[in-house]
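Chemist: Protein chains in written order, with the working numbering: chain A, 9 to 184; chain B, 9 to 184.
Where is the CB? At the ideal position from N, CA and C, for every residue including glycine.
All figures in this text were calculated on a predicted structure; none of them were measured in a lab.
Here's a structure for you.
Number of protein chains: 2
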Amino acid sequence: MAGVRQFDEDAVFARTLLTFAERGYRGTSMPDLAAATGVQRGSLYHAYGGKEQLFLRAFERHTQSFLDSAAGALETGGLTGFFEFCVDTICPRGCLSTRSAVDADGAEVGETVRRFLVALEDVVLAGLGTSREVARVVVTTTRGLAVLQRLGHSPGELKAIAATQTALIEGARLSD
Amino acid sequence: MAGVRQFDEDAVFARTLLTFAERGYRGTSMPDLAAATGVQRGSLYHAYGGKEQLFLRAFERHTQSFLDSAAGALETGGLTGFFEFCVDTICPRGCLSTRSAVDADGAEVGETVRRFLVALEDVVLAGLGTSREVARVVVTTTRGLAVLQRLGHSPGELKAIAATQTALIEGARLSD
DNA sequence: GGTATCTTTGACAGCACTGTCAAAGATGGA
DNA sequence: TCCATCTTTGACAGTGCTGTCAAAGATACC
């Protein structure tokens, strides 16, 4: 072992994800990532191989912490808390997973995002105790909110939509 | 008036929209459009100015017919019919408006898609007779379905999600 | 038929990104 | 200290897209 990596990999991953969230998957180039991370383009190619591999490594890295936080929000604040957490996460910059899902060209990125959504569905299912069908509607709603965010809707508007959805679900629960 | 346009503008618009739906806004280049429409790139630049203008003209052109069809589906089949229509429209190729919303770089495209969603919300509101809040949830759900479609979900899966959402809304209606 | 007007076509320069590579730099171990 | 190994850096060729333009083609009107 010698000639050792000069950059902090976690910091690179964090900057990488921010860049992808802001600019979209296709809209982000290796020069963009080099500029955002402060690491030369050649070094990124050398260390990770290319854009897709770098994305995948960064995405998988931070996925688990998001799921943990989501589970926490769900436990603390119920469905309302969950949606608020999602909107607050999405809101200044854009939803990384949604943008990547829509934007991706390679199959690998789509597959990874799909797995992420299944995991998110599991979190909702476990934390909310509804049916899997309803959990899936909840996840679908978060995707819809992410699209609306891209169109310029404010956090307040998104939360209002989430509140309506929450009321529909909670209402159905009561009437069972 | 002389030296007259050699191509059928409606056909060009139709092919244009298909291409944008399949490849995404950023993923579609002028050479792609030239190939898809059979019109030389130079002619497209001459006639429309560029990609964004061509997109906008084609999008606005076909927007109204979609809204009309959606209203018809809603009248005929209620919320279930509406969602089925949306899924069937989205499904083989992808949802043009959602892809464009997420993908767009220019402000004009986003603004146009936003207006389209407001119009769609109005259609749902008028056809369904619920509150505007619920109509907005319905529109948001269609966006979520479009994202899932991009991830490879089948029409059947999307319709199942839509059915759950429909049940939640209809249930809330009954208990009022 | 002639002319003015519009369209089509192919070509051009400019720009940005990709992926690779060789040379140079840095580091840990013998 | 010296060496083997890894990383960094800048440069390179290749590719694709953009926007423009001049020349050529087509058409309506006089």
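For V215/B versus L128/B, is the C-beta distance shorter than 8 Å?
Modeler: As displayed, chain B neither begins before 9 nor continues past 184, which places residue 215/B out of reach and without an answer.
Chemist: Residues in the same chain with beta-carbon distance under 8 Å from T24/B, minus the five sequence neighbours each way, listed in chain order, please.
Modeler: Position 16 of the second sequence, counting from 1, holds the residue named residue 24/B. So the qualifying residues of the chain are L41, A44, T45, L62, F63, A66.
Chemist: Residues in its own chain within less than 6 Å of L82/B by CB, not counting five upstream and five downstream?
Modeler: The count along the second sequence starts at 1 and reaches residue 82/B at position 74. Hits under 6 Å: F90, G135.
Chemist: I need the DSSP call for S77/B, collapsed to helix, strand or coil.
Modeler: In the second sequence, counting from the first residue as 1, residue 77/B sits at position 69. Three-state DSSP puts S77/B in a helix.
Chemist: Leaving out five residues on either side along the sequence, give the residues of the same chain with a beta carbon under 7 Å from the beta carbon of L7/B.
Modeler: Shown here, chain B extends from 9 to 184; a query on residue 7/B therefore has no answer.
Chemist: Where does Q173/A land, buried or exposed, given buried means 16+ other C-beta within 10 angstroms?
Modeler: Start at 1 with the first residue of the first sequence, and residue 173/A comes out as number 165. With 16 or more other Cβ atoms within 10 Å, it is buried.
Chemist: Assuming R107/B and G32/B make a contact with CB atoms under 8 Å, what is their CB distance in whole Å?
Modeler: For the purposes of this step, residue 107/B is identified with residue 99 of the second sequence, where counting begins at 1. For the purposes of this step, residue 32/B is identified with residue 24 of the second sequence, where counting begins at 1. Right, the Cβ-Cβ distance comes to about 5 Å (below 8 Å), so this counts as a contact.
Chemist: Could you compute how far the alpha carbon of E3/B sits from the alpha carbon of H161/A?
Modeler: Outside the displayed span of chain B (9 to 184) sits residue 3/B, for which this structure offers no information.
Chemist: By how many angstroms is the C-alpha of A22/A removed from the C-alpha of L52/A?
Modeler: Working through the first sequence from its first residue, we reach residue 52/A at position 44. Working through the first sequence from its first residue, we reach residue 22/A at position 14. Roughly 14 Å between the two C-alpha positions.
Chemist: Is it true that the CB of G80/B sits closer than 8 Å to the CB of R34/A?
Modeler: Position 26 of the first sequence, counting from 1, holds the residue named residue 34/A. Position 72 of the second sequence, counting from 1, holds the residue named residue 80/B. Against a cut-off of 8 Å, the Cβ pair of G80/B and R34/A comes out as no contact.
Chemist: List the residues of chain B that R13/A touches, going by C-beta distances under 9 Å, in chain order.
Modeler: Taking the first sequence and counting its residues from 1, the one referred to as residue 13/A is at position 5. Going along chain B, no residue has its Cβ under 9 Å from R13/A, so there is no contact; the nearest lies around 32 Å.
Chemist: Leaving out five residues before and five after G50/A in sequence, what residues of the same chain have Cβ atoms less than 6 Å from its Cβ?
Modeler: Within the first sequence, numbered from 1, the residue matching residue 50/A stands at position 42. For G50/A, where only same-chain residues beyond five positions count, there are no Cβ hits under 6 Å.
Chemist: For D16/B, which option in R158/B, P39/B, V47/B has the closest C-alpha, if you only look at C-alpha atoms?
Modeler: To locate residue 16/B, count along the second sequence from 1; it is residue 8. Comparing Cα-Cα distances from D16/B to each of R158/B, P39/B, V47/B, the minimum goes to V47/B.
Chemist: Going by alpha carbons, who is nearest to V145/A out of A154/B, D96/B, S77/B, T149/B?
Modeler: For the purposes of this step, residue 145/A is taken as the residue at position 137 of the first sequence. The candidate whose alpha carbon is nearest that of V145/A is T149/B.
Chemist: So, at 8 Å on beta carbons, what are the nonlocal neighbours of E92/B in its own chain, with the 5 sequence-adjacent residues on each side left out?
Modeler: What you label residue 92/B is simply residue 84 of the second sequence in a count that begins at 1. So the list reads A81, G85, K167, A170, once near-sequence residues are dropped.
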